[in-house]
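K.L.:
Below: one structure in structure tokens.
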Amino acid sequence: MWIEPFLGSGVVLFSLQPKRATVSDINPHLITLYASIFEGKINPAIVKEHLTNEGRRMQEKGEKVYYEIRERFNTDKNPLDFLLLNRACFNGLIRFNNNGDFNVPFCRKNNRFRPAYVSKIVNQVRAVQKIMQTKDWTFLNLDWCECLKLAGEDDFVYLDPPYIGRHTDYFNRWSDKDAIEMAESVQTLDCGYALSMWKENKFRINEHIEEFWQDNDTFIFNHFYHIGSSENYRNAIVEALVIKKGFSATENEQIKICKMLIPQVALSL
Ligand SMILES: C[S@@+](CC[C@H](N)C(=O)[O-])C[C@H]1O[C@@H](n2cnc3c(N)ncnc32)[C@H](O)[C@@H]1O
100 MWIEPFLGSG VVLFSLQPKR ATVSDINPHL ITLYASIFEG KINPAIVKEH LTNEGRRMQE
160 KGEKVYYEIR ERFNTDKNPL DFLLLNRACF NGLIRFNNNG DFNVPFCRKN NRFRPAYVSK
220 IVNQVRAVQK IMQTKDWTFL NLDWCECLKL AGEDDFVYLD PPYIGRHTDY FNRWSDKDAI
280 EMAESVQTLD CGYALSMWKE NKFRINEHIE EFWQDNDTFI FNHFYHIGSS ENYRNAIVEA
340 LVIKKGFSAT ENEQIKICKM LIPQVALSL
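Numbering (the numbering used here), first residue to last: 100 to 368.
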């Protein structure tokens, strides 16, 4: 079984599409959204109706509708509003203040939800729903260490934690201490695991990988970040995929998944 304690947007899960998975994130809104689609509480028709109606109000009354929906979401936590905010906020950012309230400003386009854009989002929901239909997946809202406890020896754990010291918001606090605790506990697991982490950029090298993950196989590849508060933050970065050493024995589901991750890697150490 695939175990992913830092699900985030779920892009890895939806690309690899393992048959059985337990996925989790400390952010309850991401999990509620995906779990609602999985359980059929949210479907393409419901999304279309919500975005069309609220988009029409936004077009007529402007940004105050966005801020009204943001306030409503921070009280009701409706996953449909979470999806809408994510698609109408500045740069598609997901950020929460110290009270756990979503606080990203409006993208300032009153006509954001034009029919073509609504169709695009509805099609994304349909695609996700279609992938999920044949899967045995469980969505959980846990801290990573609780999620790791669910891993058995035949499982495979994929970790994509926040960058140390870079993301700081209500659901994204990740200190050196967290990173070290995770490195130590993951490497005692009997099952396979892989970790995604930045390795270096033009300013510095991530010493954490060399210090705490050196007994594994490391593959590196280049990535460019397009989102950042200023151009200084939109830089090329070398990413590392760290995989449990020698994890290549038998032909099971986890190994196939691991092999699917590796082709994305341009250079190997
Ligand atoms: C780098 S993102 C994951 C990205 C994901 N692979 C994707 O492609 O979207 C890190 C995720 O870890 C979650 N997170 C942060 N701290 C956590 C914790 N202590 N336990 C579990 N999840 C946590 C955040 O909410 C965020 O979604």
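Glycine included, each C-beta is placed from N, C-alpha and C at the ideal position.
#1: Indicate, with yes or no, if ligand 1 has a heavy atom lying under 7 Å from the CB of residue 270.
#2: Evaluate residue 110 with the Cβ neighbour count: other Cβ atoms within 10 Å of its Cβ, from every protein chain shown; 16 or more gives buried, anything less gives exposed.
#3: Taking the beta strand (DSSP E) that residue 121 falls in, what are its first and last residues?
#4: Rounded to whole angstroms, what's the CA-CA distance from residue 237 to residue 224? Just pull it up for me.
#5: Evaluate contact between the region 255-263 and the region 289-300, counting only Cβ atoms and requiring at least three cross-stretch pairs below 8 Å.
#6: With DSSP as the reference, label residue 163 as helix, strand or coil.
#7: Looking at ligand 1, does it come within less than 7 Å of residue 217, judged from the CB to the closest heavy atom?
#8: Considering only residues of the region 101-161, which uninterrupted alpha helix (DSSP H) runs meet the minimum length of 4 residues and lie entirely inside it, listed in chain order?
#9: State the start and end residues of the unbroken beta strand (DSSP E) segment that holds residue 295.
#10: Taking 7 Å as the cut-off, is the CB of residue 105 close to at least one heavy atom of ligand 1?
#11: Residue ranges of each alpha helix (DSSP H) run of no fewer than 4 residues wholly in the region 204-281, ordered along the chain?
#12: Let me check understanding here. Comparing Cα to Cα, which of 282, 344, 179 and 240 lies closest to residue 315?
#13: Measuring alpha carbon to alpha carbon, tell me which residue in 171, 297, 313 and 144 is nearest residue 322.
#14: Would residue 165 be called buried (16 or more neighbouring beta carbons within 10 Å of its own) or exposed?
#15: Taking 7 Å as the cut-off, is the CB of residue 279 close to at least one heavy atom of ligand 3?
P.N.:
Taking the structure as given:
#1: yes
#2: exposed
#3: 119-123
#4: 18 Å
#5: yes
#6: helix
#7: no
#8: 110-115, 127-137 and 143-160
#9: 291-300
#10: yes
#11: 214-232 and 243-247
#12: 344
#13: 297
#14: buried
#15: Within the structure as shown, ligand 3 is missing, the only ligands being ligand 1.
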